[in-house]
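The opening residue of the sequence shown carries number 11 in my numbering; numbering runs sequentially from there.
What follows is a set of notes on a single structure, which appears directly below.
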Amino acid sequence: MANFLTRPRIPNTRRSQFVGNLGVTAVMAQLVKVPEFELPHVPWTLCAWLMATGSAVVAGDSLCEISAGDISVEAVAPCSGVFHRARLELDAVLKVGDVVGEIRSASER
């Protein structure tokens, strides 16, 4: 027999859908990843952080600089919010799709 005093277990992947149905606003962090390039198998290196953890960012702001050989690009913020860096050291070797940080809403600081 079910105990009605306990909360039902909601899988993390679907939690925002259920929370939205309850009338609660839930904002999930947006991951910032190494962008896709024409050279998918070339290793990329983290050269510089351009934003500090906790910095307010606007969509399009440059967050970090990555390079492969003579090619250097910047990973940009996909949305506005507060930037939180991943625990990556400078000169870390990255590949396309690796997470370099996340952007949370201002209320999630």
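Just so you know, even glycine gets a beta-carbon here, dropped at the ideal spot from N, CA and C.
If you're wondering where the values come from, they're calculated on a predicted model, not measured in any experiment.
Under the rule that 16 or more other beta-carbon atoms within 10 Å means buried, what is Phe-47, buried or exposed? exposed
In three-state DSSP terms, what is Ala-102? coil
Excluding sequence positions up to five away, which residues of its chain have a Cβ less than 8 Å from the Cβ of Leu-100? Leu-56, Cys-57, Ala-58, Trp-59
When the Cα atoms are used, what is the spatial distance from Leu-41 to Lys-105? 15 Å
Do Pro-45 and Ala-85 have their C-beta atoms within less than 8 Å of each other? yes
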